[in-house]
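The sequence shown begins at 429 in this note's numbering and counts up one residue at a time. Beneath this line is the structure, given in structure tokens, with notes to follow.
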Amino acid sequence: MIGPVLRLGINELRLTAKDRSNLVWMLVMPIVFILFFGSVTGGASRGPADTTIALAVVDADVSWLSRGLVEALEGEDFAVTEVPPGEAAAEARRRTLIIPSGMAEAVASGEQVTLLLVTDPDASIEASAAAEINVVRALTRLIGHLVEMDDAGGAPGSLDLRMDSLAELRRLAAREPLVQLESAFAGQGRPTPSGFGQAIPGMMTQFIIMMVMLAGGVYLTEEKLSGVLRRLAVAPFTPRTLILGKVTGLVLLALVQSALLIAVGTAIGRLGILGADFYWGSSPAGLILMLVAFAVATAGITLFFGAVLSSPSQAGAVGWLAGMIMAGLGGCWWPLELVPGWLRAAGHIFPTAWMMDGLHDLVSFGRGVEAVLPEAAILLAYGALFGLLGARFLKVHA
429 MIGPVLRLGI NELRLTAKDR SNLVWMLVMP IVFILFFGSV TGGASRGPAD TTIALAVVDA
489 DVSWLSRGLV EALEGEDFAV TEVPPGEAAA EARRRTLIIP SGMAEAVASG EQVTLLLVTD
549 PDASIEASAA AEINVVRALT RLIGHLVEMD DAGGAPGSLD LRMDSLAELR RLAAREPLVQ
609 LESAFAGQGR PTPSGFGQAI PGMMTQFIIM MVMLAGGVYL TEEKLSGVLR RLAVAPFTPR
669 TLILGKVTGL VLLALVQSAL LIAVGTAIGR LGILGADFYW GSSPAGLILM LVAFAVATAG
729 ITLFFGAVLS SPSQAGAVGW LAGMIMAGLG GCWWPLELVP GWLRAAGHIF PTAWMMDGLH
789 DLVSFGRGVE AVLPEAAILL AYGALFGLLG ARFLKVHA
């Protein structure tokens, strides 16, 4: 039985590939939507791996202390670009830290010094807020080192000892931290995915279910109307074999599109397109499990709609409309963390919400296969339920 089922499934996949227009929905449109949604919702992924923040530094002091501050900034996930004072006003920069002239002498005299962090209004709000925190962290660490140097009797600020002072700063900076601070999200709280960390999983989920429902539903209703299903139900194919073959073809179609979009997401992340910083997480097993479970759920739903709808035009319209509704309410366009609780609960009526939950667990939060077992089980239940209903209503008898 496995042989005929697999042959039928591969034949369904071959028929889908013969229609050139399907390639647009399988590859071209998802790429367009990924780039659009990824760029307008924050660019780089906010996943477990922190992104490096660009920071221009204008050092008007040019002292051992300002050099120590620049090196401290480089240790805070900044991509530091040092800019001569004369070029600062001429170039548009996202974030620029200005170190005033005379900082080292003022600090040595116990005077307060004000640094200026200039932020472009068009810069990422999240990145700019993180930049402010990182600057404060660098300053705090630098001040701590200065206090240690002062307590040791080598008060900084002497021009004769400027190189010795910088060397001491570097020694203290290279030392193992005396205190380690670990932080984690408690309870049910977790950061909201954004940028390509939301767009790539979201558009992949949307276009898998839309492509399978559109192509699979249209072909299934065409075969019902033309009598192809009744003719296929004659030996050597039993009705059960025929239905399983159709489901297998739909699952294979979903998995092929998954593979294509996995490759697209990987390429976007590695090439840094539009500033993307994206990867698929650290659990290939969890990702494969979610993709297979979602393919089964999508195949079952498509079989059901193909069984109850009476024409290809109905299947096309329902596939398009249902796909858009499930994508919008299921968290493919925006994270469900942003919507009210009742709407989040309503979104989980659809398999897309469970797929997005699982993908965010893997991609955005770096979790393993054990974290997505509940979502995968629910998706498989969707596939079983709708697959059985579709088999019940599909008329394939000769």
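Here a beta-carbon is modelled for each residue, glycine too, at the ideal position from N, C-alpha and C.
Is it true that the stretch 637–645 meets the stretch 452–465, where meeting means three or more beta-carbon pairs spaced less than 8 Å apart? The stretch 637–645 vs the stretch 452–465: in contact.
Spatial neighbours of Ala477 within its chain, please: CB distance less than 6 Å, with the 5 preceding and 5 following residues excluded, ordered by chain position. In this prediction, Ala477 has a pLDDT of 42, which is less than 50 and means its spatial position is unreliable; nothing more can be read from the coordinates.
Contact check, Gly630 vs Trp761 under 8 Å by CB: the rounded distance? The Cβ separation is near 6 Å, so the contact holds.
Taking the Cβ atom as the reference point for each residue, do Phe506 and Leu525 lie within a distance shorter than 7 Å? No, they are not a contact pair.
Can you list, in chain order, the residues of its chain whose CB lies under 7 Å from that of Phe732, leaving out five sequence neighbours each side? Closer than 7 Å at Cβ, skipping near neighbours: Phe814, Leu817, Gly818.
Inter-residue spacing [alpha-carbon to alpha-carbon] between Ala595 and Phe465: Rounded to whole angstroms, Ala595 to Phe465 spans 48 Å at the Cα level.
Environment of Phe821 [buried if 16+ CB atoms lie within 10 Å]: Exposed.
Skipping 5 residues on each side, what residues in its chain have a beta carbon closer than 6 Å to that of Ser473? With a pLDDT of 48 at Ser473, under the threshold of 50, the modelled position of this residue cannot be trusted, and the question is left open.
By how many angstroms is the C-alpha of Asp489 removed from the C-alpha of Leu600? Rounded to whole angstroms, Leu600 to Asp489 spans 22 Å at the Cα level.
Taking just the CA atoms, how far does Glu650 sit from Val433? Rounded to whole angstroms, the gap between the alpha carbons of Val433 and Glu650 is 20 Å.
Please report the residue range of the alpha helix (DSSP H) in which Asp789 lies. Where Asp789 is concerned, the enclosing alpha helix (DSSP H) starts and stops at 779–791.
Entirely within the stretch 531–575 and at least 3 residues each: give me those beta strand (DSSP E) ranges in chain order. List check, beta strand (DSSP E) in window: 544–547.
Taking C-beta to C-beta, are Leu778 and Met752 nearer than 7 Å? Before going on, a small fix: residue 778 reads as Phe here, not Leu. In this structure, Met752 does not lie closer than 7 Å to Phe778 by Cβ.
Taking its Cβ as the centre, do 16 or more other Cβ atoms sit within 10 Å of Leu719, making it buried, or is it exposed? By the 10 Å Cβ count, Leu719 comes out buried.
Verify whether the separation of the beta carbon atoms of Ala532 and Ser467 is less than 7 Å. Contact: no.
Own chain residues within Cβ distance below 6 Å of Leu436, not counting five before or after: Excluding sequence neighbours, Leu436 sits near Gly673.
Give a yes or no on contact between the stretch 765–778 and the stretch 683–694, applying the rule of three or more CB pairs nearer than 8 Å. No, they do not touch.
In this structure, how does DSSP classify Arg523 when only helix, strand and coil are distinguished? In the structure shown, Arg523 adopts extended strand secondary structure according to DSSP, grouped into three states.
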